[in-house]
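Colleague: Numbering (this note's numbering), first residue to last: 11 to 109.
All C-beta atoms in this analysis are idealised placements derived from N, C-alpha and C, irrespective of residue type, glycine included.
What you are looking at is a predicted structure, and each value in this text was computed from that prediction instead of being measured.
Sharing a structure here in structure tokens format.
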Amino acid sequence: MPLQIMLFTPPALTGDITARELFITGSFAVPNPVSNVLTVETGTNETLKILVLSITGQEVFAGQITGKMQIDTSSLQPGIYLVAIIDGNNRVIHKLIKN
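Okay, here's the thing in structure tokens:
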């Protein structure tokens with residue numbers, strides 16, 4: 011079978027990105043992998059919703075974050091979790107590994 015090469019051209023981005031979206035996009039969760047305490051920082055002092063979900067979608071933590079917070083993860087079982095930071099229609103999801 012001859013080699014086939016396909017050219018992919020990604021679509022152009024349209025619309026404006028708000029400063030609020032940039033703050034959420036710049037969020038982070040450390041350390042990763044985590045053992046006992048997770049530090050989450052959003053890059054903004056606005057109050058946002060934060061969720062920690064198991065890989066099956068079960069909510070294991072829900073709260074609000076303003077700038078920076080620590081979450082006790084010592085009671086979580088080892089595995090993969092998702093940390094969702096939500097502001098209205100905008101959301102950023104970080105993959106988290108629990109040792």
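Less than 8 Å between the beta carbons of Val50 and Ile81, yes or no?
Modeller: Within the sequence shown, the letter at position 40 stands for residue 50. Within the sequence shown, the letter at position 71 stands for residue 81. It is a contact, given that the beta carbons lie within the stated cut-off.
Colleague: Report the three-state DSSP secondary structure of Asn100 (helix, strand or coil).
Modeller: The sequence position of residue 100 within the sequence shown is 90, counting from 1. Residue state, collapsed to three classes: strand.
Colleague: Mind checking whether Ala39 and Leu86 have CB atoms under 8 Å apart?
Modeller: For the purposes of this step, residue 39 is taken as the residue at position 29 of the sequence shown. For the purposes of this step, residue 86 is taken as the residue at position 76 of the sequence shown. No, the Cβ-Cβ distance between Ala39 and Leu86 is not below 8 Å.
Colleague: Could you please give the first and the last residue of the uninterrupted beta strand (DSSP E) stretch that includes Glu56?
Modeller: Residue mapping note: residue 56 aligns to position 46 of the sequence shown, counting from 1. Here Glu56 belongs to no beta strand (DSSP E), and DSSP marks it neither H nor E.
Colleague: Rounded to whole angstroms, what is the Cα-Cα separation between Leu92 and Pro41?
Modeller: Position 82 of the sequence shown, counting from 1, holds the residue named residue 92. Position 31 of the sequence shown, counting from 1, holds the residue named residue 41. Straight-line Cα distance between these residues: approximately 14 Å.
Colleague: Cutting at 8 Å between CB atoms, please list the residues of its own chain near Thr10, excluding the five before and the five after it.
Modeller: Residue 10 cannot be examined here, being either before or after the span of the chain that is shown, 11 to 109.
Colleague: Roughly how many angstroms separate the alpha carbons of Asn46 and Asn99, rounded to a whole number?
Modeller: For the purposes of this step, residue 46 is taken as residue 36 along the sequence shown, with counting starting at 1. For the purposes of this step, residue 99 is taken as residue 89 along the sequence shown, with counting starting at 1. The alpha-carbon atoms of Asn46 and Asn99 are separated by roughly 30 Å.
Colleague: Take Glu69 and list the residues in its own chain whose beta-carbon comes closer than 8 Å to its own, dropping the five residues that flank it on each side.
Modeller: Along the sequence shown, one-based indexing puts residue 69 at 59. Excluding sequence neighbours, Glu69 sits near Leu61, Val62, Leu63.
Colleague: Measuring straight from C-alpha to C-alpha, what distance separates Ile95 and Met79?
Modeller: As a working mapping, residue 95 is identified with position 85 in the sequence shown. As a working mapping, residue 79 is identified with position 69 in the sequence shown. If I take the Cα positions, the gap works out to 12 Å.
Colleague: Are there 16 or more other CB atoms within 10 angstroms of the CB of Ile90, so buried, or fewer, so exposed?
Modeller: Taking the first residue of the sequence shown as position 1, residue 90 is located at position 80. Looking at its Cβ environment, which holds fewer than 16 other Cβ atoms inside 10 Å, Ile90 is exposed.
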